[in-house]
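> The structure that follows is given in the form of structure tokens.
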Amino acid sequence: MGIYASDLRELIIKPYLQGLGEYSDVAENLLLGTAAQESLLGLHCYCAQTKGLGLYRITAEKHLELWDTYLVQFPELASQQRGLASQQQFLKNPHGELMGNLTYATGMAWMLYRRSEIDTSKPADISALAQLWANHFDNGTNCLRNADDFIQTYRTLVMDSSKKLVA
């Protein structure tokens, strides 16, 4: 599939975070960098080895865990997240939303960071974003998190198409 970093930023991530009332440059860039690192901005939306699904490669097990242990604690937030999903398809194949619904997938990725209570109020450079990803993005794949890889991928896929964050 694939999506341009600027389109993902402006059409999916930014409106999602604003609608949630949790927008910050750090959150926006963190999600953008995460999508770049996990799936090369949607070029590799499924990993047979780790069973990672979609833009952020969240596993079905982690998806269920987010609903059962995190979102269950926040009924309004859960309702808002459920509202992003397809009416009928979510009931038939909830994990399919991670593959075909970019806003829903972005929301679930944000929930992984949100439950870690990361501080997004302070400005962050690429190294700080990489550390946040390495330390807090547990998408269920059990893949090693290398901050240097994140930095390189961010520079290549995000900065080349959007100069929003300076190195």
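All residue numbers for the sequence shown refer to my numbering, where the first residue is 61 and numbers rise by one. By construction, the Cβ of each residue, glycine as well, lies at the ideal position given by its N, Cα and C atoms. Model, not experiment: these values are computed from the prediction.
#1: Please list, in chain order, all residues of the same chain as GLY114 whose beta carbon is under 6 Å from its beta carbon, the five residues on each side excluded.
#2: With a cut-off of 8 Å, do at least 3 Cβ pairs link the segment 86 to 106 to the segment 135 to 150?
#3: Nearest CA to the CA of GLU82: which residue from ALA184, LEU204, CYS107, TYR173?
#4: Out of ALA65, ASP209, CYS203, LEU137, point me to the one whose CA is closest to MET171's CA.
#5: According to the neighbour-count rule (16 or more other Cβ atoms, all chains shown, within 10 Å of its Cβ), is VAL132 buried or exposed?
#6: If you draw a straight line from the alpha carbon of LEU124 to that of CYS107, how long is it in whole angstroms?
#7: Mind reading off the beta-carbon distance from TYR214 to ARG175? Whole number of angstroms is fine, and I expect it under 8 Å.
#8: If you drop the 5 nearest sequence neighbours on each side, which residues of the same chain put their C-beta closer than 6 Å to that of GLN191?
#9: Who are the Cβ neighbours of THR163 in its own chain at under 7 Å, not counting the five residues just before and after it?
For this structure:
#1: The residue labelled residue 114 in the question sits at position 54 within the sequence shown. Excluding positions up to five away in sequence, the list reads CYS105, LEU158, MET159, ALA165.
#2: no
#3: On the sequence shown, position 22 is the one that residue 82 refers to. Per the Cα distances, TYR173.
#4: In the sequence shown, the residue the question calls residue 171 occupies position 111. Comparing Cα positions, the closest option is LEU137.
#5: Here residue 132 refers to the residue found at position 72 of the sequence shown. Exposed.
#6: Within the sequence shown, the letter at position 64 stands for residue 124. Within the sequence shown, the letter at position 47 stands for residue 107. Their Cα atoms are separated by approximately 18 Å.
#7: Along the sequence shown, read from residue 1 onward, the residue named residue 214 stands at position 154. Along the sequence shown, read from residue 1 onward, the residue named residue 175 stands at position 115. About 23 Å; that fails the 8 Å criterion.
#8: Within the sequence shown, the letter at position 131 stands for residue 191. Taking GLN191 as the centre and dropping the five residues before and after it, the same chain places the C-beta of ALA207 closer than 6 Å to its C-beta, in chain order.
#9: The residue labelled residue 163 in the question sits at position 103 within the sequence shown. Cβ neighbours of THR163 beyond the five flanking positions: ILE72, TYR76, LEU144.
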